[in-house]
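To start, the structure itself, in structure tokens.
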Amino acid sequence: MKVGVEPVTELLSEAPALRPLFLRWARAAVKGRRLPESFTGPAIDFEAQRRLEALLKTRTGRTGDGKVFGTLLPTLREPSVWLEVAAALGVGEPVQAKAEAVETFLLRLAWQYPAAGFALEALGESSEVVRHLSDSGNRPNWKTLFASVLRMTRCQPGRLMTLSQLGADWFNDSKILRSGPLRRQLALIVAAFARTASDDEKEILASLGIEANPYTSAVTVFAPFGFWLDDGTYFDFPLQLYRKGLVCQLPAETVLRIVRIDWRGDEKKIATSENAAPLIRFVAAGRPVLYTEGYPNCAVLALMRCLSGQGLVAAHWGDADLDGLNIAALVQGNMPGSRIVAEEVIAVPGCVPGIPLTDAQRQRLARFLARNPACPYGDCLKMLLDRGCWYEQESFPLG
């Protein structure tokens, strides 16, 4: 259902006092906002009131001074039904101009930072980013945010950072990133660089070592090892817990001070698990395993690098979908030579049941493949797209 342009323009030509009311509705529509249930318009004559009722398919009333009021049907409150009217009234033009200005702003950043083009392309498709940047006053801080995140992604994580510290370092304001629109934009920018669509801000920020509290970010591991800290102190409690069949949790603050791992296993192999239920199965079987807990935080990544430094490789167990393979790529990037079980399942599913892809998942897969034609696991993603399904880690046999 759409509101016809011709009836509206005819009504406004005969009752121009109604134009501010229709402009208000049109502006809400182009912003994607649902129109309010009730409305109050200007003072109009009875003939104009009758025609307004016919157009809106509703009954209206009049105040003592002749102003018209009424309610909108639920179908007429949807933004989409007013878009043609908005265009006819010229309301859509400023929005389009703003969108073009945002596109130009992001294009200039892409020229300035060519290696970050993939992230800027993804950010340009985010309605939240475009809406934020449509206000030109937001762009200087956003540019600072983007450039600062880019610098962080180029550095090997060596310490944890709090939002307060980053706010002070980047904007001379320790509170600016703790909450509000810039914190959300920070999460969106980090997600774009990480090529993740996760909505969990804490998870996204932790992947870059940004934590609200450095002592509550941790890695869960079940493995036979000890370690030396940067001051020469040696601890073997992960080994002692492993021998008792118990997992160990190491805070990020501790992991980032580890300089060498003392591996006591028979083989230099460890499983990594994206999800919790399979982790429990590994522990019950007495098999060394490291829990990534979805996308790995900085503590998980740091411990992976420590283990890799001692020659360990992983067998990564995670969902056979876009996020699962992104997580697997992070494991391989930090523990080269690791095996990805999801790739094997996709190649030969066997008795593992496929879960149908939703339309949103299909679209996201297609967009990712279009943006990343050289992706090392692109063939796996194409197979998922062709089959129209994905495979859940919990269904994989524990081989």
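Going by this note's numbering, the final residue of the sequence shown carries number 1376, and the count climbs one at a time with no gaps.
We put the beta carbon where it would ideally sit given N, CA and C, even for glycine.
Here the structure is a predicted model, which is why all the values come from computation and not from measurement.
For L1050, does the count of other Cβ atoms within 10 angstroms reach 16, so buried, or fall short, so exposed?
The residue is exposed, with fewer than 16 neighbouring Cβ atoms inside 10 Å.
Check G1144 in the structure and name its three-state DSSP category.
helix
For K1294, count neighbouring C-beta atoms within 10 Å of its own C-beta (all shown protein chains included) and say buried if the count is 16 or more, exposed if not.
The sequence shown places Trp at residue 1294, not Lys. Its Cβ being crowded by 16 or more others within 10 Å, W1294 is buried.
If you count every other CB in all the chains shown that lies within 10 Å of the CB of C1132, and 16 or more means buried, which is it?
exposed
What did DSSP end up calling I1181 once you bin it into helix, strand or coil?
The three-state secondary structure of I1181, taken from DSSP, is helix.
Within the segment 1074–1101, ranges of the alpha helix (DSSP H) (whole runs, at least 4 residues)
1094–1101
Round the Cβ separation of A1248 and V1266 to the nearest angstrom and send it over; I've been treating them as touching at under 8 Å.
4 Å
Helix, strand or coil at P1333 according to DSSP, with G and I counted as helix
strand
Go ahead and pull the three-state DSSP assignment for R1264.
R1264: coil per DSSP, three-state reduction.
Consider the C-beta atom of T1048 and the heavy atoms of the ligand PLP; say whether any pair is separated by less than 7 Å.
This structure simply doesn't include the ligand PLP, nor any ligand for that matter.
Which residue's Cα is closest to the Cα of V1106: L1140, S1156, R1339 and Q1162?
For V1106, the closest C-alpha among the options L1140, S1156, R1339 and Q1162 is that of Q1162.
Could you tell me the alpha carbon to alpha carbon distance between E1320 and L1097, rounded to whole angstroms?
29 Å
With 16 as the cutoff for other CB atoms within 10 Å, does G1144 come out buried or exposed?
By the neighbour-count rule (16 or more Cβ atoms within 10 Å), G1144 is buried.
Who are the near neighbours of L1000 in its chain, counting only those whose CB is closer than 8 Å to its CB and skipping five residues on each side?
L1066 and V1068
Assuming E1259 and V1318 are in contact, meaning their beta carbons sit under 8 Å apart, how far apart are those beta carbons, in whole angstroms?
Per the sequence shown, residue 1259 should be read as Phe rather than Glu. Not really, about 12 Å apart at Cβ, beyond 8 Å.
In terms of alpha-carbon separation, which member of F1123, L1012 and D1363 lies closest to L1100?
L1100 has its Cα closest to that of F1123, out of F1123, L1012 and D1363.
With three or more beta-carbon pairs closer than 8 Å as the criterion, would you say the segment 1296–1313 touches the segment 1202–1220?
No contact exists between the segment 1296–1313 and the segment 1202–1220.
Beta-carbon proximity of V1058 to V980, cut-off 8 Å:
yes
Between the CA atoms of L1053 and G1009 - distance to the nearest angstrom
Distance from the CA of G1009 to the CA of L1053, rounded to the nearest whole angstrom, comes to 13 Å.
Could you name the residues of the same chain whose beta carbon sits closer than 7 Å to that of S1103, not counting the 5 residues immediately before and after it, in chain order?
L1165
Report back the beta-carbon spacing between E1180 and G1310 to the nearest angstrom; my notes put them in contact at under 8 Å.
Not confirmed; about 18 Å, so no contact.
Closest residue to K1246 among R1027, A1291 and Y1368 (Cα-Cα distance):
A1291
Distance, R1220 Cα to L1083 Cα
54 Å
Using a Cβ-Cβ cut-off of 8 Å (strictly less than) and excluding sequence neighbours within five positions of L1346, which residues of its own chain qualify?
C1352, G1355, L1358, K1359 and L1362
Sorted by chain position, which residues of the same chain lie with C-beta nearer than 8 Å to I1332's C-beta, five sequence neighbours on each side aside?
C1366, W1367, Y1368 and E1369
Between L1256, Q1338, Y1268 and Q1217, which lies nearest to V1308 when the distance is taken from Cα to Cα?
Y1268
In the DSSP output, what is W1205 paired with across the bridge?
Y1211 and R1237
Does the Cβ-Cβ distance between S1194 and A1276 come in under 8 Å?
Cβ distance < 8 Å, so S1194 and A1276 count as in contact.
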